[in-house]
Amino acid sequence: MLKSQIYEKRNDWDNALVPLLQATEAHPDKRQKWLESLIRLSYRAGRYDEAFDAMQEGYMNSDWSMKDQLLNQSVRFAKMAFESPTELDPSKLGGDVNTDDPEYYPALFASGDRMIFTRELDYPGRSFGQEDFYEAERVGEVWQTVRSIAEINTTRNEGAPSIRGDGRLLVFTACAGVDGSYGNRSGEGSCDLFQSNFNVKTSAYNEAINLSQLNSTSWESQPALSADGQQLYFVRAFRSKESNELVQDIYISERNEAGLWMQPSRLSDVINTAGREENPFLHSDGVSLYFASDGLPGMGGMDLYVSRKSEDGSWSTPENLGYPINTSGDENSLQVFADGRHAIFATDREEPGNLDLWEFELPEAVSANAVALWQGGVFDSKTRTPVSARVQVLNKAGVILSTQRSNPDDGQFTLSYSNEEEVIVQVEHPDFAFFSTTLQGASELDSFVPIPLERLRVGMTMTLRDVRFEKSSADLADSFQPELEQLAKTMLQSEIRIEIIGHTDGDGSFENNMILSRQRAESVADFLEKRGVDRTRMELLGLGASVPIQSNDTDEGKAMNRRTEIVVIN
15 MLKSQIYEKR NDWDNALVPL LQATEAHPDK RQKWLESLIR LSYRAGRYDE AFDAMQEGYM
75 NSDWSMKDQL LNQSVRFAKM AFESPTELDP SKLGGDVNTD DPEYYPALFA SGDRMIFTRE
135 LDYPGRSFGQ EDFYEAERVG EVWQTVRSIA EINTTRNEGA PSIRGDGRLL VFTACAGVDG
195 SYGNRSGEGS CDLFQSNFNV KTSAYNEAIN LSQLNSTSWE SQPALSADGQ QLYFVRAFRS
255 KESNELVQDI YISERNEAGL WMQPSRLSDV INTAGREENP FLHSDGVSLY FASDGLPGMG
315 GMDLYVSRKS EDGSWSTPEN LGYPINTSGD ENSLQVFADG RHAIFATDRE EPGNLDLWEF
375 ELPEAVSANA VALWQGGVFD SKTRTPVSAR VQVLNKAGVI LSTQRSNPDD GQFTLSYSNE
435 EEVIVQVEHP DFAFFSTTLQ GASELDSFVP IPLERLRVGM TMTLRDVRFE KSSADLADSF
495 QPELEQLAKT MLQSEIRIEI IGHTDGDGSF ENNMILSRQR AESVADFLEK RGVDRTRMEL
555 LGLGASVPIQ SNDTDEGKAM NRRTEIVVIN
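By the numbering used here, the letter at position 32 of the sequence shown is numbered 46, and the numbering carries on one by one without gaps.
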């Protein structure tokens, strides 16, 4: 039995079974005593029928009880999943990304045509490998290594990269060396999370800084940024003070209004189990969380799962991605493209012990929601210089789908969000007039969008075309008012005084239109006052249909003429 235990510690499940089977044949009277070990090793070896039969044999004996309920559930799940495999045709990534060295932990750009991954290289004079980052680019169907990320790589280990959708924010894991130090970096525990911003001017990542507000004296690793960089999931491991057992769970931190990471919190027990959780990945849809765990019913080892976040923030029961995505071995490093179906992961199924990057199509039941990608640039309309502004996409209920600050060096941003029938795009900076527009889903966001902002100045006019009133009424509609919300924020962030001018189309009498336009201006002022804007900073004017900007002979012209203008008067 000692021989079996030695092989088991090496995760050599087939060879671990041999002496155990020999022992049960030689000592049939002890078979019941060893039955649970026989079930466990058969299961880990991927011999699910044998594990199930042994389990049934045990239950036929009234004196036998299976203590490991997770093993019980896993054997049943694995046998069923193995007999009903999902359609899967994984293929090894083409090009020069995969080598004789292990490649794993891919991190995809939102565009899906670039990624950063980890490669473990032999290191002279050292018994363990050297983990470094590489960047690859997809040309057609072939992935080509572009470069080693030399500005981040050191003689110590860097691994598990995660990037914001635009690739300009990198969070990764760095670990202390055998001497306990981090070299030129500073560290808190055995492994820490670090952050680096991409410098547009040098085309390289800046010096990495320790995310000390997230790190502890324990072990933090495997970060997973949300596509907009506002949330960060990661894994923390430590020894329990009560049991001294290893606890390895997924945590989350979110940015506050100042852009700083807040105190991390542990995800609920729906996600975190008594086992180990690893490799979180939040898809760009913002609700599909993929991760690995050995604490849920599965095929053996670390299996891949997906859980969905509901509107109230709770997580659904994790769903196993099934066989043959999951096997009796360990699966990890899953990344899912923007389409929600195409995925990349690391596996050693072709050559045990040597991880490579493979791609496949996820079954529909465990796929993510397809997302749209929006890229653009914000600049000063007069000087043409880049502006670092807050850019966000909202649905028509006012829920923020994605948000990001445009890069100060070139004004560019990349946002991804679940495809909606109608979305609201907002761009704001306290020194500029805000930008707001309503678009019909992804079809209007399929190219690079330049966004000029006009600096706030006396005499400038902002035209609001999407202030929603009840039909033939001065009452504001109960629906979300994106332009008015932005106007209120601009007023609260500045000291400007404004004149609110209401306009109507040519329908109706002159007198009624004059009254209606004035009343609508008053409704806008009431809205702003409820948001905290001092009424003395607003003057009101109703001009009815006296100042059309288009012909009132067409519906399109009438729609343009029905507008609210905001003039900065001081």
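From the three backbone atoms N, C-alpha and C, an ideal C-beta is built for every residue, glycine too.
Since we're looking at a predicted model, the values are computed, not measured.
Sequence-distant Cβ neighbours of N112 in its own chain, meaning closer than 8 Å and more than five residues away, are K106, D370, L371.
The residues E50, I53, R54, Y57, in chain order, have a CB closer than 8 Å to that of L85 in the same chain once the five nearest residues on each side in sequence are set aside. When DSSP states are grouped into helix, strand and coil, T475 belongs to the strand group. Contact check between the segment 480-498 and the segment 520-535: three or more CB pairs, one atom from each, fall below 8 Å, which counts as touching. Around the CB of S302, 16 or more other CB atoms lie within 10 Å, so the residue is classed as buried. For F66, the enclosing alpha helix (DSSP H) has its first and last residue at 62-73. Out of L35, R182, I514, E221, the CA that lies nearest to the CA of R199 is found in E221.
The residue among N25, W78, I20, G425 with its C-alpha nearest the C-alpha of T399 is G425. Between G315 and D344, the beta carbon gap of about 4 Å places them in contact (Cβ cut-off 8 Å).
When I264, M15, R404 are compared, the shortest CA-CA separation from A272 is found for R404. Burial check for Q227: the Cβ neighbour count within 10 Å stays below 16, so the residue is exposed.
The Cβ-Cβ distance between E165 and A121 does not fall below 8 Å.
For M505, the secondary structure class from DSSP, reduced to helix, strand or coil, is helix. In the three-state DSSP reduction, W78 falls in the coil class, being neither helix nor strand.
Ranking S204, I339, F186, W233 by CA distance to the CA of S210 puts F186 first. Of A502, G520, E513, the smallest CA-CA separation from T568 is found for G520. In the three-state scheme derived from DSSP, where H, G and I count as helix and E and B as strand, A95 is classed as helix. Following the DSSP letters along the chain, one finds Y57 inside the alpha helix (DSSP H) bounded by residues 45-58. Around the Cβ of E509, a 10 Å sphere holds fewer than 16 other Cβ atoms; the residue is exposed. In the DSSP secondary-structure assignment, A360 is bridged to N346, L371. Rounded to the nearest whole angstrom, the C-alpha separation of K544 and R419 is 28 Å. DSSP places M276 outside both helix and strand once states are collapsed to three, so it counts as coil. From the listed residues D353, L387, N383, L470, the smallest Cα separation to S395 is found for L470. Rounded to the nearest whole angstrom, the C-alpha separation of P278 and T475 is 44 Å. When DSSP assignments are scanned along the segment 273-337, no uninterrupted stretch of alpha helix (DSSP H) that is 4 or more residues long falls wholly within it.
Inter-residue distance for M552 and T504 is about 13 Å (C-alpha atoms, whole angstroms). In this structure, the alpha-carbon of V401 lies about 20 Å from that of V472.
When only Cα atoms are considered, F248 and D206 end up about 10 Å apart. Beyond the five residues adjoining it in sequence on each side, E155 comes within less than 7 Å, by CB distance, of G108 in the same chain, given in chain order.
In the DSSP annotation of this structure, Y137 is not part of any beta strand (DSSP E), being labelled neither H nor E. The beta carbon of P116 lies closer than 6 Å to those of E134, N368, L369 in the same chain, with the five residues before and after it left out. In this structure S298 touches A124 by the C-beta definition: roughly 6 Å separates them, less than 8 Å. At the C-beta level, Y265 and R280 come within 8 Å of one another.
DSSP places I563 in the coil class of the three-state scheme, outside both helix and strand. Spatial neighbours of E145 in its own chain (CB-CB distance under 7 Å, excluding positions within 5 residues in sequence) are listed in chain order as T132, E134, N171, E172, G173. The DSSP assignment places 233-239, 245-253, 260-268 as complete runs of the beta strand (DSSP E) inside the segment 230-271, in order along the chain (cut-off: 3 residues).
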